[in-house]
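> The structure's right below; bear with me while I get my questions together.
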Amino acid sequence: MMDFLGTSLRHKSEMVVYEAARAIIGLSKITAKELAPAVSVLQLFCSSHKSSLRYAAVRTLNKIATRHPSAVAFCNHDLENLVSDPNRSIATLAITTLLKTGSENNIDRLLKHICSFMADITDEFKVVVLESIRMLAAKYPRKYSVLLNFLSGLLRDPAGYEFKKAVVVAMESIICDNPQAKNLGLLQLCEFIEDCQHEKLTQRALYLLGREGPFLSRPKQFIRFIYNRIILESAPVKCTATTALARFGANCEDLLPSVLVLLERVMLDDDDEVRDRAAFYHYVLSIGDQALMKEYILNDEIRLNMQALERALVSYTQASSAEQARPFDLSTMPVEEPPADGLSGVSAMADSSTSGFFEPATSAASENAATGRGDNTDTEAAAAASGGIGTRRQDHFAGQLEAIPAIKPLFPLFKSSNDYELTDAGTEYVVTCVVHTFREHIVLQYDVTNTMEDQLLENVYVDVEVADDEFEVLETIPVKSLPFNNPASTYIIVKLPDDVSYLTTSFANTLRFVVKEADSAGSNDPGISDEYALEELTLPVAVHMQRIIKSNFAAAWEEFGEEGEAKETYFLTKFSTLDEMVRELVAHLGMQPCERSDQTSSEKVAHTLLLAGFFRGGVTVLARCKLAKSVPPSPVGINFQITVRSEAPEINQAIADALG
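Its first residue numbered 1, the sequence shown is counted upward by one per residue in the UniProt record's numbering.
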């Protein structure tokens with residue numbers, strides 16, 4: 001195949017040459033040496049008089065630079081020429097590619113290029129450039145001061161909300177990832193909020209100040225900036241600033257007296273929410289109870305899903321007296337999951353919670369501004385990255401499921417997975433499955449579409465055989481009638497095992513129904529019973545887990561301690577790269593990568609992945625995965641050791657064992 005593609009690179013047709021180059025770079029296990037011929041061809045296209053060829057070449061080089069920056073580095077001279085290209089899409093892709101391939105020594109020169117370039121492009125293109133700057137900061141942490149100064153300068157320029165939000169997100173990323181950058185970055189954000197016209201950005205900066213500021217060498221320097229917001233800003237900003245102020249009092253013993261005095265002043269504010277917060281925080285800080293401080297001031301790791309909480313509270317107030325006699329259990333509430341990969345809407349990683357471990361995960365990444373496409377897919381991908389679509393989707397499912405009498409008693413809904421395809425596209429019957437997780441049950445929702453125009457299906461349901469008897473099928477809810485091209489859902493309620501060690505299993509699925517002719521179907525037509533084989537459904541650990549952010553993973557890890565931890569070691573021959581292994585681990589476990597530990601490179605031979613999650617029933621779980629490539633003469637594969645910590649040793653062991 002490589003010989004054929006190599007020959008195609010010398011074809012007389014530019015289209016054939018480009019497609020051959022694109023096919024080569026699309027190979028999964030390609031080396032930099034094998035990429036060289038394709039990169040050389042794309043380099044020639046960069047100087048073409050045809051804008052379509054220049055665009056195709058630089059877009060493809062940009063894609064290569066993400067995984068093989070060294071292979072593209074020798075094209076930098078041609079890319080620099082494209083920065084001044086009259087086509088803004090080409091220029092944007094050129095500058096972002098240069099940022100990916102640039103070395104530590106030429107960052108200053110690149111930023112000078114960007115300064116003149118940014119003035120000529122729209123905010124939409126600027127956001128794309130900022131994402132590349134964020135990645136550059138992660139690659140060269142010693143250049144934090146240069147990059148922060150550049151970003152701070154952008155905040156002073158006149159621009160819209162979305163652009164300034166992207167700048168603040170980029171600065172947050174540098175501040176959180178680089179301890180040396182915290183002081184400078186926070187001070188620059190303090191200057192920004194002194195004259196910020198956007199309420200949400202001011203709140204975002206204040207939250208970051210409250211989270212990071214107390215742990216720096218001179219936390220006192222930030223108090224003035226925070227208190228100024230309480231005096232000068234609107235009520236929502238005052239509330240955020242009051243919380244940030246309380247965090248300094250809880251974390252800095254020497255500042256506590258000053259913070260208490262300031263909170264007493266805030267208790268005289270005109271807004272009742274601000275006064276209530278100040279009074280509450282003043283009381284908690286005054287009594288000096290560390291447990292209360294941790295619970296009500298410092299604990300922001302887990303945020304409940306407000307829509308689910310509202311539904312549960314309404315249901316609780318309308319329940320019988322016997323049910324209301326039991327205390328309302330917050331631990332059953334689903335949490336608000338963070339963005340999938342922490343990016344600012346520029347790209348989104350698909351949540352492959354329905355994929356089994358070591359099965360190909362479905363990806364739906366979309367190109368955005370730099371590719372010149374602004375369709376709805378891009379908008380949805382950006383919304384998904386910010387948690388919007390996922391939350392609305394689960395709320396939509398919750399409304400549907402609560403209307404079904406057999407399912408309503410199982411509430412609250414903990415999590416809904418993505419669609420899992422059980423048939424190929426274009427078959428007679430198209431079936432997808434969504435797994436809904438509750439505290440002690442799961443509900444399998446099979447969405448069925450009849451694509452046969454001459455058929456009417458009745459009594460449609462899925463017959464399942466569970467691989468493990470511990471999973472008990474309680475009830476099947478069929479579809480009474482399924483006409484042509486009118487999707488409907490059939491449900492299966494499954495009782496989860498009391499033994500938490502049974503996390504994963506598989507379901508053999510068969511679609512059963514009575515088929516009638518659509519034209520002649522009537523009350524006297526008995527129809528013919530038929531069945532249709534479906535793909536097997538694998539239940540991963542992810543259906544039991546929601547993602548949560550741990551801003552200080554090391555502290556949380558030590559807080560759990562070694563007692564009760566579970567540790568297992570595996571060798572997997574299916575994977576040859578760390579990047580592939582990391583993606584599959586995140587998808588299978590359904591946990592949130594912390595401290596950007598999901599980012600690795602093809603050159604690394606060892607890596608540590610840090611994960612945090614919220615297990616059904618209200619248990620916070622942390623996992624540390626140490627990965628290492630095998631070395632010859634050992635077989636090709638990945639050695640990895642997983643260590644799991646939580647307050648429940650049985651859950652730790654179950655998660656560690658579920659990867660075997």
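Where a beta carbon is used, it is the ideal one built from N, C-alpha and C, also for glycine.
Measure the alpha-carbon distance for residue 96 versus residue 179 and round it to whole angstroms.
26 Å
> From the DSSP output, in three-state form, read off residue 625 for me.
strand
> Here's the rule I'm using: 16 or more other beta-carbon atoms within 10 Å means buried, otherwise exposed. How should residue 561 be labelled?
Around the beta carbon of residue 561, a 10 Å sphere encloses fewer than 16 other beta carbons of the protein chains shown; the residue is thus reported as exposed.
> Please give the ranges of any alpha helix (DSSP H) in the segment 521–579, keeping only runs that are unbroken, at least 4 residues long and fully inside the region.
553–560
> Look up residue 604 in the DSSP assignment and say whether it is helix, strand or coil.
coil
> Once you ignore the five residues that flank residue 1 on each side, which residues in its own chain have a CB closer than 7 Å to its CB?
none
> I need the DSSP call for residue 642, collapsed to helix, strand or coil.
strand
> May I have the straight-line CA-CA distance separating residue 435 from residue 207, to the nearest angstrom?
35 Å
> Less than 8 Å between the C-beta atoms of residue 448 and residue 409, yes or no?
No.
> Run through DSSP, which three-state label would residue 24 get?
Here residue 24 sits in helix by DSSP.
> Just checking: is the beta-carbon of residue 656 within a distance shorter than 8 Å of some beta-carbon in chain D?
The structure shown contains no chain D; it is built from a single protein chain.
> Taking only runs of the alpha helix (DSSP H) that begin and end inside the segment 293–325, which ones reach a length of at least 4 residues, in chain order?
306–317 and 321–324
> Would you mind stating whether residue 23 and residue 41 have Cβ atoms separated by less than 8 Å?
no
> Among 583, 604, 648 and 647, which has the Cα closest to the Cα of residue 629?
604
> Can you find the residues in the same chain that come closer than 7 Å, C-beta to C-beta, to residue 65, ignoring five residues on each side of it along the sequence?
Around residue 65, the same chain offers 72, 97, 100 and 101 as residues with beta carbons nearer than 7 Å, after the five sequence neighbours per side are excluded.
> Quick test of your reading: residue 146 and residue 108, contact by CB under 8 Å. State the CB separation rounded to the nearest angstrom.
6 Å
> Going by DSSP in three states, residue 55 sits in which element: helix, strand or coil?
helix
> Can you tell me whether residue 468 is buried or exposed, with buried defined as 16 or more other CB within 10 angstroms of its CB?
Burial call: exposed.
> Mapping the DSSP letters down to three states, classify residue 599 as helix, strand or coil.
coil
> In chain order, what residues of the same chain lie with their CB nearer than 7 Å to the CB of residue 619, ignoring the 5 residues before and after it?
646, 647, 648 and 651
> For residue 360, collect the residues of the same chain with a Cβ closer than 7 Å to its Cβ; drop the 5 residues on either side in sequence, then sort them by chain order.
Only weak support is given to the placement of residue 360: the predicted model assigns it a pLDDT of 32, under 50, and the value that follows is read from those uncertain coordinates. For residue 360, where only same-chain residues beyond five positions count, there are no Cβ hits under 7 Å.
> Would you kindly check if the distance between the Cβ of residue 585 and the Cβ of residue 625 is under 8 Å?
yes
> Candidates 335, 115 and 484: which alpha carbon is nearest residue 413's?
The shortest CA-to-CA distance from residue 413 to any of 335, 115 and 484 is the one to 335.
> Counting only the same chain and skipping the five closest in sequence on each side, list residues whose C-beta sits under 8 Å from that of residue 275.
266, 267, 268 and 269
> What separation, rounded to the nearest whole angstrom, lies between the Cα atoms of residue 596 and residue 17?
Rounded to whole angstroms, the separation of the alpha carbons of residue 17 and residue 596 is 37 Å.
> Check whether the segment 494–506 touches the segment 546–563, taking contact to mean three or more Cβ pairs, one atom from each stretch, closer than 8 Å.
They do not touch, by the three-pair rule.
> Cβ atoms of residue 241 and residue 223: under 8 Å apart, would you say?
no
> Under the three-state reduction of DSSP, which class applies to residue 45: helix, strand or coil?
Reduced to three states, the DSSP call for residue 45 is helix.
> Tell me which residues share the same chain as residue 358 and place their Cβ nearer than 7 Å to its Cβ, disregarding the 5 neighbours each side in the sequence.
In this predicted model, residue 358 has a pLDDT of only 40, less than 50, meaning its place in the structure is not dependable enough to derive any value.
> On the criterion of 16 or more Cβ atoms from any shown chain inside 10 Å, does residue 137 qualify as buried, or is it exposed?
That one is buried.
> Could you give the residue range of the beta strand (DSSP E) that holds residue 512?
505–517
> On the DSSP bridge assignment, give the partners of residue 490 in chain order.
446
> Starting from residue 465, trace the alpha helix (DSSP H) in both directions and tell me its first and last residue.
Note, residue 465: premise wrong, no alpha helix (DSSP H); beta strand (DSSP E) at 455–466.
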